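What follows is a short report on a single structure.
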Amino acid sequence: MSVPMDSQCFLCHLRRHVENARKLGDEETATAFARELMQLYIDAPVDAGSPWFGPGTSELYAKYYGLTGDRYLEEKQISNQFVLARMDAIRALVQSQPDPVYAGLQYAVLGNYIDFSALQGEVSFEKLDEMLKTGTSLALDRENYRRFCKDLENGRSLLYLTDNAGEIGFDRICAEEIHKKYPHIAITFCVRGGAANNDATREDADAVGVPFPVIDNGTCIAGTQLDMVNQETLAALQDSDVVLSKGQANVETMLGCGFNVYYAFLIKCQRFINLFNKPKLTPMFHRERTE
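Start counting the sequence shown at 45; every next residue gets the next number (our numbering).
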């Protein structure tokens, strides 16, 4: 019920965090940090996906470098401000399209680019501004979209699993268009329960003005780790007719779960390039169920 780490994932995870550690202090401390990080890999369940290691890695940053709290707070605030400044224009563009729900979904997927963890050192707001100009050209799986709309038409509730700060503003626009077309659908947003990379929390949902009920999953894991989320989130997953899941981390922690999940994300690492046989930054709209 997850996408477990493979050898490339371990190398990527180790490289990224050791490079960070070396920037934060001396070589001796970075080496001790790396040793404990590798021990974390050894002690982990064999089926653990990348998000599972988030809390343990954060503990090592606190132990060796005194970094506690939200290490990505500044990036999250900048991301929210960036999207808020463009939200009216994006909403107008989405509403001008023949199918505003599809257009809203395109921009929600495009917003998944704002990932300071998976795309460490690669996120550029200048590039994102250029991407926004061609957001309606993103090609999403039309058959899965048709099924998604049919499920919304026949269902009563949608659980929207968010991913990154900033991105959640695009999610708001997408959800608003869903609500307009399917007013009978009760929409609930689910955010992280605490600091997990630059993922959205309740504060980020408030920052972009999400107008729907918001719950948090009770964890500081960058994903929806089903054996760790709180009872409120688990009940929402079980009771929702449709789940719209944003970002790779939710795929890593939920793929194979059996719920009626539609995964919307950009491919951002070699593991997913191999898993879906698609190039980096390919927009994806993948359905959990195959019937």
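Positions of the beta carbon are idealized from the N, C-alpha and C atoms, including for glycine. Predicted, not measured: the structure shown is a model, and the values here were computed from it.
Best match in Ala162, Gln139, Asp248, Phe256 for proximity to Ile229 [C-alpha to C-alpha] = Considering only Ala162, Gln139, Asp248, Phe256, the residue with the shortest C-alpha distance to Ile229 is Phe256.
Determine the direct distance from the alpha carbon of Val127 to that of Phe214, and round the result to whole angstroms.
-> Each residue's alpha carbon lies about 8 angstroms from the other.
Taking the beta strand (DSSP E) that His228 falls in, what are its first and last residues?
-> The continuous stretches of beta strand (DSSP E) do not include His228, and DSSP gives it neither H nor E.
Close Cβ partners of Pro99 (< 7 angstroms) along its chain, the five nearest in sequence each way excluded | Excluding positions up to five away in sequence, the list reads Cys264, Ile265.
Residues of its chain near His61, where Cβ-Cβ distance is below 7 angstroms and the 5 sequence neighbours each way are ignored | Hits under 7 angstroms: Leu81, Thr101.
Taking Cβ positions, are Asp159 and Lys312 nearer each other than 8 angstroms?
-> Cβ atoms of Asp159 and Lys312: closer than 8 angstroms.
Backbone CA spacing between Thr180 and Glu170 [nearest angstrom] | Between Thr180 and Glu170, the C-alpha separation is close to 18 angstroms.
Taking all protein chains shown into account, do 16 or more other C-beta atoms lie within 10 angstroms of the C-beta of Arg315, making it buried, or fewer, making it exposed?
-> Arg315 is buried by the Cβ-count criterion.
So Tyr157 packs on Asn241, CB below 8 angstroms; how close in whole Å?
-> That pair is no contact at about 14 angstroms.
Select from Gln269, Cys218, Ala88, Pro89 the residue whose C-alpha is nearest the C-alpha of Arg135.
-> Checked all of Gln269, Cys218, Ala88, Pro89; the closest Cα to Arg135 is Cys218.
Where Ser168 sits in the DSSP three-state scheme = In the three-state DSSP reduction, Ser168 falls in the coil class, being neither helix nor strand.
Please go through the same chain and pick out, in chain order, the residues whose beta-carbon is closer than 6 angstroms to the beta-carbon of Thr245, but skip the five residues on each side of it.
-> Taking C-beta separations shorter than 6 angstroms and ignoring five residues to either side along the sequence, the partners of Thr245 in its chain run Val235, Arg236, following chain order.
Ile259: first and last residue of the uninterrupted beta strand (DSSP E) it sits in = For Ile259, the enclosing beta strand (DSSP E) has its first and last residue at 258-260.
Kindly indicate the opening and closing residues of the alpha helix (DSSP H) around Phe126.
-> Taken as a continuous stretch (DSSP letters only), the alpha helix (DSSP H) holding Phe126 covers 117-139.
Whole-angstrom Cβ separation of Gly253 and Asn294, contact assumed at under 8 angstroms?
-> Distance from Gly253 to Asn294 at the Cβ level is roughly 23 angstroms; contact not present, criterion being Cβ atoms closer than 8 angstroms.
Can you give the Cα-Cα distance for Ala249 and Gly210, rounded to whole angstroms?
-> Taking the straight line from one Cα to the other gives about 9 angstroms.
Is the beta carbon of Glu296 sitting closer than 8 angstroms to the one on Ser46?
-> Yes, they are a contact pair.
Cα-Cα separation, Glu119 to Glu103 = CA-CA distance, Glu119 to Glu103, rounds to 20 angstroms.
Determine the direct distance from the alpha carbon of Leu203 to that of Pro323, and round the result to whole angstroms.
-> Straight-line spacing of the CA atoms in Pro323 and Leu203 works out to 29 angstroms.
Secondary structure at Ser201, three-state DSSP: helix, strand or coil?
-> DSSP places Ser201 in strand when its eight states are reduced to three.
So the alpha helix (DSSP H) Phe329 belongs to, where does it begin and stop?
-> Where Phe329 is concerned, there is no enclosing alpha helix (DSSP H), although the beta strand (DSSP E) it sits in stretches over 327-331.
So Ala65 is in the beta strand (DSSP E); what residue range does that whole segment cover?
-> Per DSSP, Ala65 is not a residue of any beta strand (DSSP E); the alpha helix (DSSP H) it occupies stretches across 51-68.
Closest Cα partner of Tyr85 within the set Ala74, Ala76, Phe97, Lys194 | The alpha carbon of Tyr85 has as its nearest neighbour, out of Ala74, Ala76, Phe97, Lys194, the alpha carbon of Phe97.
In whole angstroms, what separates the C-alpha of Leu325 from that of Asp271?
-> Looking at the two C-alpha atoms, the distance is approximately 29 angstroms.
Identify, in the order they occur along the chain, each residue of the same chain with its Cβ nearer than 7 angstroms to the Cβ of Asn304, setting aside the five sequence neighbours on each side.
-> The residues are Asp195, Asp285, Val286, Val287, Glu332, Arg333.
Could you spell out where the alpha helix (DSSP H) holding Leu319 opens and where it closes?
-> Taken as a continuous stretch (DSSP letters only), the alpha helix (DSSP H) holding Leu319 covers 314-320.
Around the C-beta of Asn208, are 16 or more other C-beta atoms found within 10 angstroms, so that it is buried, or is it exposed?
-> Asn208 counts as buried, since at least 16 other C-beta atoms from the protein chains shown sit within 10 angstroms of its C-beta.
Work out the CA separation of Ala106 and Thr73 for me, nearest whole Å.
-> Their Cα atoms are separated by approximately 12 angstroms.
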